[in-house]
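Quick notes on the structure that follows.
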Amino acid sequence: MVKHTVTLFAGALFGVGIAISGMANPAKVINFFDIAGTWDPSLIFVMGGALITTFIGYRMVFGTRSAPLFAPSFSLPTKRDIDLPLVGGSAVFGVGWGISGFCPGGALPALGLGHFEVPIFVAAMAAGILIARTILNARGSVAPA
Amino acid sequence: MPTEFTPFTSLAGGVLIGLSAVLLMFAQGRVAGMTGIFAGVLPGSANREHLWRVVFLAGAIIAPFILTFGANVAVPFAVPVTTTMLVIGGVLVGIGVTFGGGCTSGHGVCGMARLSPRSIVATGTFMIATFITVFIVRHVVGLGG
C-alpha cells in the first residue's frame, strides 16, 4: 500500500509539473519550436529544470543505494547500439510532435485538464504504438514496454 | 498565436518532473518514461508487472484534474492545429516513440540524466525533426498560427 501511495505521488508530481510547466499546452510547445515565428523559449527552462534535478537526484540514489525501496533491483535500459530504429523512430516522433504539439509525457497528464482534443490525440497515439508493435513483432524484435 | 514567456513556472514545473523521475527511481527502480509507461498498460503488452504503471499514470492524470477542477488553477491550454493534424501527429508520435524506444521524458530527461549515448542521439534527433516540422508546417505550408 505504501508502495502504491509513493508511486501515485510520483505520478502526481509528474502531472502537476507537466501542467504548470506548459508542456501540456500544444500552443506553447509549438511556439517553442517556432523560432522564425511566435517564439516562446519557456520550454528551455522545463528541460533544464527537469534534467538538472534528475541528474543530481539519480546520482544521489545510485550513490547511496544498491536497490530501490520497493523492488529487488534497478530496471535500467540495457540497449547500447545507435541504430536505424532509434534514429528513424525519433525523427518520426519529432515530425508527429511538430504537427500536433503533443508528446506522450505532455498529452497523458493533459487528459486531466478536461479538453476534448486530448483524448483524440491519445487514441491516435495508442493506435500508432499498436501498429509499430505489430510491425516489430512480425520482424521478431521486441517492442519497448 | 503567441504564448506568454513563463521562465519561473516552467522551471518550477521542470523541477517537479525531475523530482518525480528521481522518486520513481528511488522507490521502484524505474525510468519515468511516458512511452514505456503508457505502452505497458495498452492491451497485448507482454508484461507481468504493470500495476505500478497504472498507478503512476493515474497520479499523472488525476493531479492536473484536481489542480484545474478542485483548486481552480487556470492551466493555459490551446490547440492551434486541426483535428486531422492531431490524428496524423498522434499516429506518427506513437509509431516513432515505439521504434525509437522513448520520448521527451524517457530519453530527454531520464536517459540524458544518465548520460546514455542512445538517449542523447534520440533527443537531438527528435528536437531537430520537430524544429524542421514546425518550420515547414507554419512557414512553408502556412498552417496554424
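As given, the protein sequences belong to chains A and B, one line each in that order. According to the working numbering, the stretch in the first sequence is residues 1 to 145, in order. According to the working numbering, the stretch in the second sequence is residues 1 to 145, in order. Built from N, CA and C at the ideal position, the CB exists for glycine as well. None of the values given here were measured: they were computed from a predicted structure.
Can you name, in chain order, every residue of its own chain whose Cβ lies under 6 Å from the Cβ of residue i, other than the five neighbours on each side?
i, result
"A187 (chain A)", "Given a span of 1 to 145 for chain A in the structure shown, any question on residue 187 (chain A) remains unanswerable."
"A143 (chain A)", "In this predicted model, A143 (chain A) has a pLDDT of only 49, less than 50, meaning its place in the structure is not dependable enough to derive any value."
"A12 (chain A)", "none"
"I88 (chain B)", "none"
"P77 (chain A)", "none"
"G108 (chain B)", "T123"
"P157 (chain B)", "No statement about residue 157 (chain B) is possible, as the shown extent of chain B runs from 1 to 145 and does not include it."
Excluding the 5 residues flanking residue i on each side, which residues of the same chain have their C-beta closer than 7 Å to its C-beta?
i, result
"I18 (chain A)", "A24, G105, G106 and P109"
"P68 (chain A)", "F74"
"V41 (chain B)", "H50, R53, V54 and L57"
"I136 (chain B)", "none"
"I37 (chain B)", "R53, F56 and L57"
What residues in its chain sit with their C-beta under 8 Å from that of residue i, if we drop five residues either side in the sequence?
i, result
"I103 (chain A)", "In the sequence on display, residue 103 (chain A) carries Cys and not Ile. So the list reads M23, V29, F93 and W97, once near-sequence residues are dropped."
"A145 (chain A)", "Residue placement at A145 (chain A) cannot be trusted, given a pLDDT of 46 that sits under 50; what the coordinates show is reported in the next sentence. Within the same chain, A145 (chain A) has no close Cβ partners at all."
"W52 (chain B)", "Q28 and R30"
"L113 (chain A)", "A19 and A24"
"G96 (chain B)", "F126"
"F14 (chain A)", "G105 and P109"
"V75 (chain B)", "P64, L67 and T68"
What are the residues in the region 99–110 of chain A lying within 9 Å of chain B by C-beta distance?
I99, S100, G101, F102, C103, P104, G105, G106, A107, L108, P109 and A110
Mind listing which residues of the region 6–27 of chain A have their C-beta closer than 8 Å to chain B's C-betas, in chain order?
The residues in question are V6, T7, L8, F9, A10, G11, A12, L13, F14, G15, V16, G17, I18, A19, I20, S21, G22, M23, A24, N25, P26 and A27.
Any chance you could list the alpha helix (DSSP H) runs of at least 4 consecutive residues sitting entirely within the region 8–42 of chain A, in chain order?
Entirely contained in the region 8–42 of chain A, the alpha helix (DSSP H) runs reaching 4 residues are, in chain order, 26–33.
Residues in the region 111–135 of chain B having any Cβ partner in chain A nearer than 9 Å:
G111, M112, A113, R114, L115, S116, P117, R118, S119, V121, A122, T123, G124, T125, F126, M127, I128, A129, T130, F131, I132, T133, V134 and F135
Along the region 126–140 of chain A, what residues have a CB closer than 8 Å to any CB found in chain B?
A126, A127, G128, I129, L130, I131, A132, R133 and L136
Give the residues from the region 23–42 of chain B that approach chain A closer than 9 Å (Cβ to any Cβ), ordered along the chain.
L23, L24, M25, F26, A27, Q28, G29, R30, V31, A32, G33, M34, T35, G36, I37, F38, A39, G40 and L42
For a minimum of 3 consecutive residues, which ranges assigned as the beta strand (DSSP E) are wholly contained in the region 28–56 of chain B?
none
Does the structure place the region 40–55 of chain A close enough to the region 15–24 of chain B that three or more beta carbon pairs sit under 8 Å?
yes
Are the region 116–136 of chain B and the region 91–104 of chain A touching, with three or more C-beta to C-beta distances below 8 Å?
yes
Give, in chain order, every residue of the region 62–76 of chain A whose Cβ lies closer than 9 Å to some Cβ of chain B.
F62, R65, A67, P68, L69, F70, A71, P72, S73, F74, S75 and L76
Residues of the region 43–58 of chain A in Cβ contact with chain B at a cutoff of 9 Å, in chain order, please.
L43, I44, F45, V46, M47, G48, G49, A50, L51, I52, T53, T54, F55, I56, G57 and Y58
With a floor of 3 residues, list each beta strand (DSSP E) that falls wholly inside the region 62–122 of chain B, ordered by position along the chain.
none
Taking beta-carbon pairs under 7 Å, can you tell me which members of the region 11–23 of chain B lie near chain A?
Listed by position, the residues of the region 11–23 of chain B near chain A (Cβ gap below 7 Å) are L11, A12, G13, G14, V15, L16, I17, G18, L19, S20, A21, V22 and L23.
Restricting to runs no shorter than 4 residues, where is the alpha helix (DSSP H) found entirely within the region 77–113 of chain A?
84–100 and 104–110
Counting pairs of Cβ atoms below 8 Å between the region 52–65 of chain B and the region 1–8 of chain A, do you hit three or more?
yes
Evaluate contact between the region 91–108 of chain B and the region 57–68 of chain A, counting only Cβ atoms and requiring at least three cross-stretch pairs below 8 Å.
no
Within 8 Å of chain B by C-beta, residues of the region 28–40 of chain A in sequence order:
Contact residues of the region 28–40 of chain A toward chain B are K28, I30, N31, F33, D34, I35, A36, G37, T38 and D40 (C-beta to C-beta distance below 8 Å).
If contact means a Cβ-Cβ distance below 9 Å, which residues of the region 61–74 of chain B contact chain A?
I61, I62, A63, P64, F65, I66, L67, T68, F69 and V73
Using a Cβ cut-off of 7 Å, which residues of the region 85–99 of chain B contact any Cβ in chain A, in chain order?
M85, L86, V87, I88, G89, G90, V91, L92, V93, G94, I95, G96, V97, T98 and F99
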